[in-house]
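Structure, as structure tokens:
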Amino acid sequence: MSSTESAKPSKLPPFDAADPLGIDDLLGPDDLAIRDTVRTWATDRVLPHIAEWYEKGELPGIRELARELGALGALGMSLDGYGCAGASAVQYGLACLELEAADSGIRSLVSVQGSLAMYAIHRFGSEEQKRRWLPGMASGEIIGCFGLTEPDHGSDPAGMRTYAKRDGADWILTGRKMWITNGSVAGVAVVWAQTDEGEDGRGIRGFVVPTDAPGLEAPEIHHKWSLRASVTSELVMDEVRLPADAVLPDAKGLRGPLSCLSHARYGIVWGSMGAARASFESALDYARSREQFGRPIGGFQLTQAKLADMALELHKGILLAHHLGRRMDAGGLRPEQVSFGKLNNVREAIEICRTSRTILGANGISLEYPVMRHATNLESVLTYEGTVEMHQLVLGKALTGLDAFR
5 MSSTESAKPS
15 KLPPFDAADP
25 LGIDDLLGPD
35 DLAIRDTVRT
45 WATDRVLPHI
55 AEWYEKGELP
65 GIRELARELG
75 ALGALGMSLD
85 GYGCAGASAV
95 QYGLACLELE
105 AADSGIRSLV
115 SVQGSLAMYA
125 IHRFGSEEQK
135 RRWLPGMASG
145 EIIGCFGLTE
155 PDHGSDPAGM
165 RTYAKRDGAD
175 WILTGRKMWI
185 TNGSVAGVAV
195 VWAQTDEGED
205 GRGIRGFVVP
215 TDAPGLEAPE
225 IHHKWSLRAS
235 VTSELVMDEV
245 RLPADAVLPD
255 AKGLRGPLSC
265 LSHARYGIVW
275 GSMGAARASF
285 ESALDYARSR
295 EQFGRPIGGF
305 QLTQAKLADM
315 ALELHKGILL
325 AHHLGRRMDA
335 GGLRPEQVSF
345 GKLNNVREAI
355 EICRTSRTIL
365 GANGISLEYP
375 VMRHATNLES
385 VLTYEGTVEM
395 HQLVLGKALT
405 GLDAFR
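Residue numbers (the numbering used here): 5 to 410.
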């Protein structure tokens, strides 16, 4: 008998429809404990209410939810110090997957808080800014938001019109930001603005802005058909006076906000697979129990083909997320690789939701099932933090060495 044959297990484990590739074997006990804790919280606190919240277009009790997420260690989860959990990138990704399996709006709350607002302060802020803001944000006592996108400038943030000018030692901030998650409930906003600083006479800087500053308003945006269980706002700044120490000292130019976006996009790579998993599981359960022509529809070849194709894309996407997480933990994750994951996983997640809807038939449009809710949420996830076209161009430039952006 060869050494290879003797090393084979005597009995293979049974096939697990929930984990057909055995991806859980890549996880350690701490990883599984974090995943299960977040899954239990989402099951108990979000799933019983999310259809009603979505239908009404509101997220009641968001401050309480934020404090609970803070107690879980989910806010600024992969950051170190200042009350943050210091979890690995993979553990943060697993949390994003479980949160978005409940609803994209809940994952967005956590992502904007931790990967955008907190990350910006943690990476680019002064020690005083970190001590002032991060502990309260990590606990959920303070909600943060991130002001980059404007009404006329989304994919091209370099063209932003929000402007900060010097007035003695102070800064005067004027402009508008659009589609700001958490905006109207935030206690602090990280706002990016043009200034007269920089080699070309203009330079983008980040500012830590208390939302009770005179001249700042954050009206909530209503009439959305996506991310309905999420607080989305404008930020309107009319000569908001800020002290000199409001500026993020280590963020100059677009490198600052783009690095924050890359960190947040990483969470989307995982989170989108949570929405896909919830939809796939709903379709699989339905196919096993729904009977037509005298037997469950899951017994028909066309339905099985759909389920097999969805399972392939779902678990390939989770494997991709794991791979990127390991690279981030090792310090080797490039922005182009994040674009690879965001582009693939969100696009495939939407297709999984749409195919799941066809298996559920007319029931697929009902809020009694999660499929249509996830599908409409993912339409926002598809375009925020980089549209399909932007990520295609990022990869196109990396592959060819030719810049097609301008």
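By construction, the Cβ of each residue, glycine as well, lies at the ideal position given by its N, Cα and C atoms.
- Of the candidates K256, A99 and A89, K256 places its Cα closest to the Cα of A162.
- In this structure, Y96 keeps its C-beta atom at 9 Å or more from the C-beta atom of L138.
- Secondary structure at M332: helix, using DSSP grouped into helix, strand and coil.
- For L25, the closest alpha carbon among the candidates V194, A312 and C100 is that of A312.
- A distance of 9 Å or more separates the beta carbons of A250 and A222.
- V392 and G74 have their C-alpha atoms roughly 32 Å apart.
- By the neighbour-count criterion, in which a residue is buried when 16 or more other Cβ atoms sit within 10 angstroms of its Cβ, I369 is exposed.
- Per DSSP, reduced to three states, the secondary structure at H226 is coil, with no helix or strand assignment.
- Within a 10 Å sphere around the beta-carbon of T307 sit 16 or more other beta-carbons, which makes this residue buried.
- In the assembly as shown, L371 is an exposed residue. Its beta-carbon has fewer than 16 other beta-carbons within 10 Å.
- The continuous beta strand (DSSP E) containing P214 extends over residues G207 to P214.
- Cβ-Cβ distances below 6 Å link G321 to M277, N349 and E352 in the same chain, with the five nearest sequence neighbours on each side left out; the list follows chain order.
- Annotation for Y123: the continuous alpha helix (DSSP H) segment containing it runs Y123 to F128.
- For K169, there is no enclosing alpha helix (DSSP H); the enclosing beta strand (DSSP E) covers residues Y167 to D171.
- In the structure shown, the three-state DSSP call for D254 is strand.
- In terms of Cβ geometry, K346 and H395 form a close pair [threshold 9 Å].
- In the DSSP assignment, the residues bridged to D174 are D171.
- For R294, there is no enclosing beta strand (DSSP E), as DSSP marks it with neither H nor E.
- Look at the beta carbons and you see the segment 179-190 not touching the segment 97-105: under three pairs across the two are nearer than 8 Å.
- For the pair M81 and A70, the CB atoms are not nearer than the 9 Å cut-off.
- DSSP links G140 through a beta bridge to no other residue.
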